[in-house]
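One structure is given here, and the rest of the page talks about it.
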Amino acid sequence: MNTVTPVNVGVLFFEEVEELDAVGPWEVLGYWAHHVASFPVRIFAIGREAGVVRCSKGLGLTMDYDVEHAPRLDLLVHPGGDGTNVLQEDEHHLKWLRELHGGGTLLASVCTGSLVFAAAGLLAGQPATTHWRYGQFFADIDTSVDVRVEERFVDNGTVVTSAGVSAGIDMALHLVGRMDSPEAAETVRQGIQYAA
Numbered sequence: 028m029n030t031v032t033p034v035n036v037g038v039l040f041f042e043e044v045e046e047l048d049a050v051g052p053w054e055v056l057g058y059w060a061h062h063v064a065s066f067p068v069r070i071f072a073i074g075r076e077a078g079v080v081r082c083s084k085g086l087g088l089t090m091d092y093d094v095e096h097a098p099r100l101d102l103l104v105h106p107g108g109d110g111t112n113v114l115q116e117d118e119h120h121l122k123w124l125r126e127l128h129g130g131g132t133l134l135a136s137v138c139t140g141s142l143v144f145a146a147a148g149l150l151a152g153q154p155a156t157t158h159w160r161y162g163q164f165f166a167d168i169d170t171s172v173d174v175r176v177e178e179r180f181v182d183n184g185t186v187v188t189s190a191g192v193s194a195g196i197d198m199a200l201h202l203v204g205r206m207d208s209p210e211a212a213e214t215v216r217q218g219i220q221y222a223a
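Each residue of the sequence shown is one higher than the one before, starting from 28 at the first, in the working numbering.
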């Protein structure tokens, strides 16, 4: 990665997002940004709208930016949760994801966030995973997706998908290894006391 221009990481939040889908990767990527990375990394909470976002279990979080005013992103983490049902049908949201992808932003999803990526056409003919309970829903969106619900995460180069909830932590550690180094990922893993 470029060591002068900051690497910008966005974690998307929306109404009914699953808390651990979002804050698990946030912890990993935030720990990396603040304690491990040898180059500047900035992490932002990106909301579909400005203000406070209410998560699925009631946690309220204040956003740094809404999607319209977010800085250039090198990585976007798109969590899952009940709110993804609406996002799969939201053409404005799907267009935004396609634009990010087309502009070179690495996209990563947790749980049912991958169903939103499929709805945007970003997983056509590609391997992907999601929570084991939701794998069959790919067939309703795009039958060309190579569904691998037994995998913790799947990296197809420009899009990384993870299985449900806690698998987002494993995926985020993989992303640190990919964007920085395996040693950096191991340092983060030890720092957050996550079992190998």
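Even for Gly, the Cβ is constructed at its ideal location relative to N, Cα and C.
query = How many Å lie between P52 and L202 at the Cα?
reply = 10 Å
inquiry  = What would DSSP say about H96, mapped onto helix, strand or coil?
reply    = coil
query = Would you call the CB atoms of L150 and V172 closer than 7 Å?
reply = yes
request  = Flag this pair as touching only if the stretch 56-76 and the stretch 130-143 have three or more C-beta atom pairs under 8 Å; answer yes or no.
outcome  = no
Given D117 as reference, the closest of P209, L100, F41 once Cα atoms are compared = With distances taken between Cα atoms, D117 lies closest to F41.
message = As a quick exercise: from T32, V31, V50, P33, pick the residue whose alpha carbon is nearest that of L39.
response = The candidate whose alpha carbon is nearest that of L39 is V50.
query = Checking contacts by CB at 7 Å: is G218 closer than that to chain B?
reply = Protein chain content of the structure displayed is limited to a single chain, and chain B is not contained in it.
inquiry  = Can you give me the C-alpha to C-alpha distance between R160 and L200, rounded to a whole angstrom?
reply    = 24 Å
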